[in-house]
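J.: Supplied in structure tokens, the structure appears directly below.
In my numbering, the protein residues as written are 356 to 630.
Laid out in structure tokens, this is it:
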């Protein structure tokens, strides 16, 4: 630990190995929030994604090796199926002076550290609302990552939403809830909009109302500090429309269905991480 060199937030250069949507969201967020200037963000790509990253001022190399050699923080944002090969390929270039970060789902720190040859690693589980700056991200520190490393990564990912810290043993459950969860909500929005259409609303109006309603309800849950059950009770007047709708949801096992979805996704994440 004595050989760990602190990385300055103001001057650090971050490099993305993988130029997909998540890397784009993080890069844009870091730049737009002023955490880092665009000149301190880099990636590598030879196709159309190159133009996307260049459009917001990042440095785009031809090869991943160039990204590693020019970065203090290396963020692996590739598919889980290829991350082992990518890390092993870059291993000769990875230095213990660098902080390594993975946003790859289902790949454990012990494997990442083994492939990289050192354990100054942090694993992060963000989710797709990173694209609009309201991600839920959870971080866990590897064996040699320092408190200061954790603070740096919290600041970087704080540029795209809220950040929590948790033990890695909780990451499968986190995957089932916050990483997979946006899909459940999109499905709910679609179904609610269909319900509005069935009740006589024009499609565009119904979808707009459903989306804004979910946004508003989530904002209330976050900002008021009230338990969701209390917020629900505040809407449901005796003998009114809301309690009639809630009654139908309860008869269909609505809450149990959502709980089962989270547990099923968490179980699948655990299965994938064991492969």
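For each residue, glycine too, the CB sits at the ideal point set by N, CA and C. Every value quoted in this text rests on a predicted model; they were computed, and no experiment measured them.
To which residues of the same chain is residue 566 closer than 6 Å at the C-beta, ignoring the five residues directly before and after it?
T.: For residue 566, where only same-chain residues beyond five positions count, the Cβ hits under 6 Å are 544.
J.: Determine the burial state of residue 612: buried for a count of at least 16 other Cβ atoms within 10 Å of its Cβ, exposed for fewer.
T.: It is exposed - the Cβ of residue 612 has fewer than 16 other Cβ atoms within 10 Å.
J.: Excluding five sequence neighbours on each side, which residues of the same chain lie with their C-beta closer than 8 Å to the C-beta of residue 456?
T.: Correct list, in chain order: 428, 429, 430, 431, 476, 477, 478, 479 and 508.
J.: Only counting runs of 4 or more residues, tell me where the alpha helix (DSSP H) segments fall wholly within the region 548 to 610, in order along the chain.
T.: Fully enclosed alpha helix (DSSP H) runs of 4 or longer: 558 to 578, 583 to 590 and 596 to 606.
J.: Going straight from the alpha carbon of residue 375 to that of residue 529, what length do you get?
T.: The straight-line gap from Cα to Cα measures roughly 22 Å.
J.: Applying the 10 Å Cβ sphere with the 16-neighbour rule, what's the burial state of residue 558?
T.: Under this definition residue 558 is an exposed residue.
J.: I need the DSSP call for residue 357, collapsed to helix, strand or coil.
T.: Confidence at residue 357 is low in this model, with a pLDDT of 49, below 50, so its placement is unreliable and no value can be given for it.
J.: Look up residue 497 in the DSSP assignment and say whether it is helix, strand or coil.
T.: Here residue 497 sits in coil by DSSP.
J.: Report yes if the CB atom of residue 381 is closer than 9 Å to the CB atom of residue 422, and no otherwise.
T.: No, Cβ-Cβ distance for residue 381 and residue 422 is not below 9 Å.
J.: Is there contact here, the region 403 to 414 with the region 438 to 445, by at least three beta-carbon pairs under 8 Å?
T.: Judged by Cβ distances under 8 Å, the region 403 to 414 makes no contact with the region 438 to 445, as fewer than three pairs qualify.
J.: Terminal residues of the continuous alpha helix (DSSP H) containing residue 633?
T.: Coverage of the chain is limited to positions 356 through 630, which leaves residue 633 absent and any answer about it impossible.
J.: Take the Cβ of residue 402 as the centre, count every other Cβ of all protein chains shown within 10 Å, and call the residue buried at 16 or more, exposed below.
T.: Counting Cβ neighbours within 10 Å, residue 402 comes out exposed, since fewer than 16 surround it.
J.: Residue 480 by DSSP, collapsed to three states: which one?
T.: In this structure, residue 480 counts as strand in the three-state DSSP scheme.
J.: Quick check on residue 458: buried or exposed, where buried means 16 or more other Cβ atoms within 10 Å of its Cβ?
T.: With 16 or more other Cβ atoms within 10 Å, it is buried.
J.: Classify residue 610: buried if its beta carbon has 16 or more other beta carbons within 10 angstroms, exposed otherwise.
T.: Looking at its Cβ environment, which holds fewer than 16 other Cβ atoms inside 10 Å, residue 610 is exposed.
J.: Please say whether residue 516 and residue 481 have beta carbons closer to each other than 9 Å?
T.: Yes, Cβ-Cβ distance for residue 481 and residue 516 is below 9 Å.
J.: What residue range does the beta strand (DSSP E) around residue 457 cover?
T.: That run of the beta strand (DSSP E) goes 454 to 457.
J.: Please go through the region 373 to 429 and give each complete beta strand (DSSP E) segment of 3 or more residues, from N-terminal end onward.
T.: Entirely contained in the region 373 to 429, the beta strand (DSSP E) runs reaching 3 residues are, in chain order, 396 to 399 and 414 to 416.
J.: Taking the straight line between their C-alpha atoms, what separation do you get for residue 601 and residue 460?
T.: Between residue 601 and residue 460, the C-alpha separation is close to 35 Å.
J.: Going straight from the alpha carbon of residue 356 to that of residue 484, what length do you get?
T.: With a pLDDT of 47 at residue 356, under the threshold of 50, the modelled position of this residue cannot be trusted; read the value that follows with caution. The alpha-carbon atoms of residue 356 and residue 484 are separated by roughly 35 Å.
J.: May I have the straight-line CA-CA distance separating residue 624 from residue 524, to the nearest angstrom?
T.: So the alpha carbons of these two residues sit roughly 12 Å apart.
J.: Exposed or buried, which one is residue 395 when buried takes at least 16 other CB atoms within 10 Å?
T.: Under this definition residue 395 is a buried residue.
J.: Quick check: the Cα distance between residue 369 and residue 437, rounded to an integer number of angstroms?
T.: Distance between the alpha carbons of residue 369 and residue 437 is about 21 Å.
J.: Let's test the definition: count the other Cβ atoms within 10 Å of the Cβ of residue 551 and tell me whether it reaches 16, buried, or not, exposed.
T.: By the 10 Å Cβ count, residue 551 comes out buried.
J.: Please classify residue 579 as buried or exposed, where buried requires at least 16 other C-beta atoms within 10 Å of its C-beta.
T.: Residue 579 is exposed by the Cβ-count criterion.
J.: Given the structure, does residue 475 come close to the ligand SAM, in the sense that its CB is under 8 Å from one of the ligand's heavy atoms?
T.: Ligands displayed in this structure: none; no statement on the ligand SAM is therefore possible.
J.: Which one of 615, 628, 514 and 518 has the shortest CA to CA distance from residue 384?
T.: Selected option, being the one with the closest Cα: 514.
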